[in-house]
Amino acid sequence: MATRGTKFYVFYWEGKDHDGIDLSSLKSCSSCGKLRDPWRFRLDNVQACLRSCTKEGEIFREEVAEFWCVSPWTIVSYNLAKFAAYLSKRRTKALTEAVVLGTAMSMYQGAPQKLDSGVWVEGFGHHMSWQSWLSWRAGNIRSRAQRNGKKCVVMHLDGAGDELLNHPMPSPAEQEIESVIFILGGPDGIKPGVARELHHILSQKSHAYLKVRLPGGKQHSNVVISDLLMAYDRGSLLHDVQQRLKMGKEGYAEFKDSVSDLMDLIAGGYETHEQAMRMLQKLKALAAGKEDQEVAPPDSQSLSDKEQAADAEESEVEQATPEATPEAPAAVSLIENGWFIEKNAQWPGQANALEVKEVLMHKKTQFQDLLVFASAKHGNVIVLDGVIQITERDEMSYQEMLAHLPMFSADKPAHVLIIGGGDGGVLREVVKHDTVEKVTWCEIDGDVVEAAKKYMPNVAIAVSNPKVDLRVGDGVAFAESSKDNSFDVIIVDSSDPVGPAEKLFSKEFYVNVHRILKPGGVVCSQGECLWLNEARWV
């Protein structure tokens, strides 16, 4: 059973009509006290959603802190602890429409209240919009979580979101996630324009913004709330969220599919036992962030012996892979308490840190450890072998210097060679020059190019330019095999001189660069930082 550390906030959007909810249309019957026509503006669904926040023996669940019914011009906010205390003092626990909506109607009409009902109604206008209110409220929730060393996570319920695994499994995520903001719409959902505004606001006012869906397809909003809270009771909800943040979108999808496959194999009986054991080992590798690790087939040992052998094999693989070495740490292991901390032997005595909102991708490519994450202030970030390569916020300062200095220094450069630069930023700047007829781009790791196209499309925008000839391969070998006097400008946008880029800093490489450069041509190379790296001849 989950402990009661995490608090939930429900953001319910009702915006079918232009003005949204109009509480002035609510009237109560003078004879029976019931509300007339509560179906107007779908307020009956709001009442049903609030009822989903109850629990046997309690008026409301103590873990659900607030329920916000928001529309373009009105918000009705319920502080559930105060509302429960108010109802107890009035000696009623029945959450009827007259109680739930009637209290909001009374607050809207300005009826004098002897007790604090915990219900707050506000009309939006020039002084405040729903966007500014949400930014303020979510910002407070995030700040409180951050002060306590924890996270605030947004879960946007969306049919196109990542389906949660939803298997019971108690998790320490309870201690890491202090607050969760649920976003869901009324019967007509959330229109794309509003969804974009929600994402823009809450991606900045939270530590992670996830679009998720529950198994079973589209459901009414009150059913979704019930399912989410029951998943929390089972211990699966926060565990799923933590796994999704740890693995990224693609990794979590593969993990979930593998779990489903394993369940099918187990259900198949004894004849599928060996396949099930192999799948179990794959799941262990995925959960540990080693999705490319080869899994050996099981032998005839006993089950306990197999598990010990599998654990021993994993340990041996960890020691053998670049991830376990100081030069190339597994990037996700550098994320501590929501911060990516770049510590590297190349720069002793210093470390750089960026706050992580969400891990978007993590994989071991053929050549290096590749991590992409969304940061709090620097946009999306690409990390190779534990070293930050590019951030959306300041990438132009690097790309423009490395591209335009040699391009303007050369005389009408027509044929350009770019070695490295897998994010495509230098390429984007080079093709801006009118004299360019062809750009040959040689990048060793095609996975980096694909990651940039997906997560930094504004940087990799020139990848499909007809002037570009992309060669996925070794830049050293390409320079060695190229003809003499081939290029007007050669730009070497390499990573640091470790791993796959080490040979790009060798004397042999630059001998070939000089050979394939046209007379009067210009070479420009990434030279790291003059103030942090000691200059040396190669």
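Per the working numbering, residue 1 is the first one in the sequence shown, and the count goes up by one each step.
Don't be surprised by glycine CBs; every beta carbon is placed ideally from N, CA and C.
- Between the alpha carbons of Met401 and Pro457 lies a gap of roughly 20 Å.
- When C-alpha distances from Gln350 are compared across Val387, His362 and Val359, the shortest belongs to Val387.
- The three-state secondary structure of Leu164, taken from DSSP, is coil.
- Membership of Trp68 in the beta strand (DSSP E) is indicated by the continuous run Val64 to Val70.
- Here Arg90 carries a coil assignment [DSSP, helix/strand/coil].
- By the Cβ criterion, the region 401–421 is in contact with the region 479–497, since at least three pairs of Cβ atoms, one from each stretch, lie closer than 8 Å.
- About 11 Å separates the CB atoms of Val436 and Ala462; that is not less than 8 Å, and the two are not in contact.
- Restricting attention to alpha helix (DSSP H) runs no shorter than 4 residues, the region 346–434 encloses them at 395–409 and 425–430, ordered along the chain.
- Assigned with DSSP and collapsed to three states, Ile444 falls in coil, not helix or strand.
- Between the beta-carbon of Leu165 and that of Val76 there is about 34 Å, and that puts the pair past the 8 Å contact cut.
- Under the three-state reduction of DSSP output, Ile461 falls in the coil class, being neither helix nor strand.
- For Cys53, the three-state secondary structure derived from DSSP is coil.
- For Ile183 and Gln131, the gap between their C-alpha atoms comes out near 14 Å.
- When Cβ pairs closer than 8 Å are counted between the two stretches, the region 47–56 is seen to touch the region 214–234, the count reaching three or more.
- The beta-bridge partner set that DSSP reports for Gly5 is empty.
- Cβ contact annotation for Leu360 (same chain, cutoff 8 Å, sequence separation greater than five): Gly248, Lys249, Val372, Phe373, Ala374, Asn380 and Tyr455, in chain order.
- For Ser143, the enclosing alpha helix (DSSP H) stretches over residues Trp130 to Arg147.
- The count of Cβ pairs closer than 8 Å, one atom from the region 187–207 and one from the region 153–162, reaches three, so the stretches are in contact.
- Assigned with DSSP and collapsed to three states, Ile491 falls in strand.
- Taking C-beta atoms as the reference points, Ala138 and Leu228 fail to come closer than 8 Å.
- Between Gln242 and Glu176, the CB-CB gap stays under 8 Å.
- Here DSSP, grouped into helix, strand and coil, assigns Pro192 to helix.
- A direct Cα-Cα distance of roughly 21 Å separates Glu528 from Ala452.
- In terms of CA proximity to Val212, Leu245 leads the group His200, Leu245, Arg234 and Gly186.
- Inclusion of Leu334 and Asp447 in the CB contact set at 8 Å is not warranted, their separation being larger than that value.
- When DSSP states are grouped into helix, strand and coil, Leu245 belongs to the helix group.
- One thing to note: Ser106 has its Cβ no nearer than 8 Å to the Cβ of Phe83.
- Under the DSSP assignment, Val99 falls outside any beta strand (DSSP E), being part of the alpha helix (DSSP H) whose first and last residues are Glu97 to Gln109.
- Residue pairing for Gly123: DSSP places it in a beta bridge opposite Thr74.
- Closest in C-alpha terms to Lys438, from the list Tyr12, Glu63, Lys467 and Gly57, comes Lys467.
- Within its own chain, the residues whose Cβ lies closer than 8 Å to the Cβ of Tyr12, once the five positions on either side in sequence are excluded, are Val46, Cys49, Phe67, Trp68, Cys69, Val70, Leu184, Gly185, Gly186 and Ser221, listed in chain order.
- Burial of Pro406 is indicated by the presence of at least 16 other C-beta atoms within 10 angstroms of its C-beta.
- The DSSP-derived three-state label of Asn222 is helix.
- Taking all protein chains shown into account, Ala145 has 16 or more neighbouring C-beta atoms within 10 Å of its C-beta and is therefore buried.
- Between Gly521 and Asp411, the alpha-carbon positions lie close to 8 Å from each other.
- Within its own chain, the residues whose Cβ lies closer than 6 Å to the Cβ of Gly425, once the five positions on either side in sequence are excluded, are Glu395, Gln399 and Val459, listed in chain order.
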